[in-house]
Amino acid sequence: MRFTLIDGVVVTITSLVMVFLALIILLFTIELIHYMVKRTGKKEPPVTTLAGNQILAKDEETELVAALMALVLANEDQQNKSYQITEIKRIR
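Going by the numbering used here, the sequence shown opens with residue 51, and the numbers climb by one from there.
Below, the structure written as structure tokens:
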């Protein structure tokens, strides 16, 4: 049995159509899952308001993040220096 150029073109087009159909089905499946997860996961984060001089709860991780951010801001001008955190204290 001999195959002609037309047979090759038909197989190529059929294969491309099948691949694109599979991709479209995959796209709609992902969108459906995204819609279902988004719909079931609608939980509003609790709203916290701070009055006047109310102090936020302290924990070690929050203090470390604040110290690292202060270190990043201090390091912007002189990037060739090295710093070490020795003490964490509130100045305001």
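Built from N, CA and C at the ideal position, the CB exists for glycine as well.
Cβ-Cβ distance between residue i and residue j below 7 Å
i: I138; j: E113; result: yes
i: L121; j: Y133; result: yes
8 Å CB neighbourhood of residue i in its chain, flanking five on each side removed
i: A116; result: I138
i: F78; result: none
Cut-off 6 Å between Cβ atoms - residues of its own chain near residue i, not counting five sequence neighbours on either side
i: D57; result: none
i: N125; result: none
i: A72; result: none
i: V87; result: none
Neighbourhood of residue i by C-beta distance below 7 Å, restricted to the same chain and skipping five residues each side
i: V67; result: none
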